[in-house]
Amino acid sequence: MLDYRIYEHPIIDFKRGRLIKFTYNGNIIEAYEGESILASLYALGYRVFSRSPDGSRPRGAFCMIGKCSSCLSYVNNVPNTRICIEPVRDGINVVSGDGIPEPPANISSASVRKEIVDTDVLVIGAGPAGLQAALKLGEKGVDVVLVTDHFRLGGQLVKQTHKFFGDTRYYGGVRGFKIAEKLVNELKKYSTIKTYTRAFAYGFFGEGYMGIAVQGEEPVNLLVKPRYTIIATGATERMILFENNDLPGVMGAGGAQTLMNEYGVRPGENALVVGSGNVGLIVAYQLLQAGVRVHGIIEIMREIGGWIVHAAKVRRHGVPILTGHTITRVEGAEKVEKAIVAAVDDKLNPIQGSEKEYSVDLVLLAVGLQPNYALLSQMGATMKYIPEAGGLVPVRTKYMETSIPGVFVAGDLTGIEEATTAFIEGEIAAYTILERMGFTDVITERDRLVDFLWNEYRMSPVISRARQGKLKATVTEEEMEKLRRGMDI
Amino acid sequence: MSSKRTGIITKEELVEKKLLPSMERLSNGPIAILECPEEIPCNICVSACPFNAISKSRIYEVPRLNPDKCIGCGVCVGKCPGLAIFVVDLSKPGKAYVTLPYEMLPSPSKGARVELLDREGRVIGEGTVVKAWVYEKTWVVTVEVPGDVWFDVRAVRIVR
């Protein structure tokens, strides 16, 4: 039997839960409690999880956080279930997706209980921004509803195994997953914070209700009416174009991190990383720690995108970084067997005859992230397309309030940056809400944070592009008032 | 070629950024080399140093090491999130001691034989672990190496 689980790791002690048995395409699968269905299948060597609408092309794991559609499967007859964020349970029946499914005939919404909740603050997203905001609100005894679509809190912190940069006040020097543990433990201190996992915010209604579908043994249609809302839905990995980029084995860098760092499942044996930003460099290092051979990091630009310290870390372990190169195609039957890489000319076009072939089973894309703006956009917030921020982002004030009064934003949703600024933005949003609720003692700290964020932290030349992006999306209170009245600014 | 193209930090670059201690100081005994040439917004090393030898006046400045205060204890080696700090001791003739961060398997121990890896991961010799301790899963490993490769050895692979 193939077993891709990691039992010895230099950084992480994987604690696996009790043995669970479920069926997958008619086979009995043994998994451990706490794993996602996909992770448990991947550990046994499964690589194809669904097929394209016409059935001809296999689809593998890609994002691993419930954002793409590569793993849509049937779970207990419910089609289009993302098994990457579906926890394993005893006795469930899982069948791989195959094209476009028919809606199940025997499912009705009548059996779903409706629950209406009034709260002071609704926080959507439980990553660094959402958690930090909820904690600051909880400290003041404010009623908070915190929701996340995952079955675990912590967002993407849970798969970050490196010690974070930054300031010790914002968990600098602590490994990401350890920060998640700490914050989640702190949540328990505050009885006014009510947390819902497996809870999908599906839409905002004119009457002031946010609709949230809470999955579970007893699903709930949660209608939350908050006085204030903080949206911190994070970001999703980008895809790039090349031949056969949908072949299983082509995976987002974050997808591989989820597998190896969260679930302790080796994503492959031989890897190629595309993109030399910090994510690409860090994931390459983490692959080495997980026992995966990294054949190289491919970078289309002439210079390495990420920080030199991260590049130096992988270089001294023998990983080459090929600048001025791009991936042109992958090949393989049902999964990646090789990747073709070519040098590029000054216009970034592949140079004929420069192709190199790599025998790899894993091609990780670390080519940037884009904000998860859909919910905010549905709510009607004014958005702006800003390339430096990673795409469409909400226009907001320096206090993180959007064009919808009382609706705040924080973290990567507001423009791709990193965890330290997500913590700080979450805190600024929380303090501003607290100020409105009469807790004027937080104003000094909030203003100090705004000053630190803009006039010190973001002044670093290595993050100047992100700063530019954030700056372009930030307007004054007066400009925001004009926007709200439909005027140009 | 610049390190932005290669991922390899050069001596010249460290000298230019005032990050390389003088040869005189290096030969006086262990001292940290902060191989952190970019202006990263991070101050972990500053608070890590028990001797207040590392300073930054703004969070994103390149760190400054006071060579008179640094005793080469290596506490910063295990704490730097960039794994960018090394300690070098050239006080013994003909040999050097390099202290480096290590986050791979197997775990190191005193007396272990290691392959010495240069900045490109090439094996450039063998050495012996003379000291190893761990901070939050980052090992701080001191290896004895030939005196002429103190600037080249930046990683080790433990011979199983």
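Keeping their order, the protein sequence lines are chains A and B.
Read in order, the letters of the first sequence are residues 907 to 1395 in my numbering.
Read in order, the letters of the second sequence are residues 28 to 187 in my numbering.
All C-beta atoms, glycine included, are put in the ideal place defined by N, C-alpha and C.
Setting aside the 5 residues that flank it on each side, residue 162(B) is surrounded in the same chain by 105, each with a C-beta closer than 6 Å to its C-beta; the list follows chain order.
Neighbourhood of residue 86(B) in chain A, by CB distance below 7 Å: 1073, 1362, 1363, in chain order. Secondary structure at residue 1261(A): coil, using DSSP grouped into helix, strand and coil. In the DSSP annotation of this structure, the continuous segment of the beta strand (DSSP E) that includes residue 113(B) starts and ends at 112-116. At the C-beta level, residue 87(B) and residue 1366(A) come within 7 Å of one another. At a cut-off of 7 Å between beta carbons, residue 28(B) makes no contact with chain A. In this structure, the beta-carbon distance from residue 94(B) to residue 61(B) does not fall below 7 Å. The beta carbon of residue 1367(A) falls within 7 Å of a beta carbon belonging to chain B, placing the residue at that interface.
When the five nearest sequence neighbours on each side are left out, the beta carbons in the same chain lying within less than 7 Å of the beta carbon of residue 140(B) are those of 153, 155, 186, in order along the chain. In the DSSP assignment, residue 1085(A) falls within the alpha helix (DSSP H) that extends over 1082-1093. A Cβ-Cβ contact shorter than 7 Å links residue 1108(A) with residue 1119(A). In this structure, the beta-carbon distance from residue 1359(A) to residue 1330(A) falls below 7 Å. In the assembly as shown, residue 913(A) is an exposed residue. Its beta-carbon has fewer than 16 other beta-carbons within 10 Å. With fewer than 16 other Cβ atoms from the protein chains shown falling within 10 Å of its own Cβ, residue 1013(A) counts as exposed. The Cβ of residue 1201(A) sits no closer than 7 Å to any Cβ of chain B. Taking C-beta atoms as the reference points, residue 1029(A) and residue 1063(A) fail to come closer than 7 Å. In the structure shown, residue 1068(A) falls within a coil segment according to DSSP collapsed to helix, strand and coil. Per the Cβ contact rule, the segment 1027-1044 of chain A is in contact with the segment 1079-1096 of chain A (3 or more Cβ pairs under 8 Å). Residue 1065(A) sits buried, since 16 or more C-beta atoms from the chains shown fall within 10 Å of its C-beta. Residue 72(B) is positioned such that its CB atom lies closer than 7 Å to that of residue 81(B). For residue 1317(A), the closest Cβ of chain B is not nearer than 7 Å. At a C-beta separation below 7 Å, residue 1070(A) has these neighbours in chain B: 108. Close partners of residue 66(B) in chain A (Cβ separation under 8 Å): 1366, 1367, 1368. In the structure shown, the three-state DSSP call for residue 979(A) is strand. Residue state for residue 1042(A) is assigned as helix, using DSSP reduced to three classes. Taking a 10 Å sphere around the C-beta of residue 908(A), we find fewer than 16 other C-beta atoms and assign the residue as exposed.
Of the residues assessed, residue 58(B) falls on the buried side of the cut-off, its CB having 16 or more other CB atoms within 10 angstroms. Taken through DSSP and simplified to helix, strand or coil, residue 1376(A) comes out as helix. Only 163, 164, 165, 181 from the segment 154-181 of chain B bring a Cβ to less than 8 Å from some Cβ of chain A. Residue-level contact by beta carbon fails for residue 1177(A) and chain B, as no gap is shorter than 7 Å.
At a Cβ-Cβ threshold of 7 Å, residue 145(B) and residue 175(B) do not count as neighbours.
Excluding five sequence positions before and after residue 1383(A), the CB atoms of its chain that fall closer than 7 Å to its own CB belong to 1303, given in chain order. Closer than 7 Å to the CB of residue 1223(A) there is at least one CB belonging to chain B.
Residue 1332(A) and residue 1296(A) do not touch by the CB rule: their CB atoms are close to 18 Å apart, not below 8 Å. By the Cβ neighbour-count rule, residue 136(B) is exposed, with fewer than 16 other Cβ atoms within 10 Å of its own.
The closest CA to that of residue 1048(A), considering only 918(A), 1161(A), 1392(A), 1337(A), is found on 1337(A).
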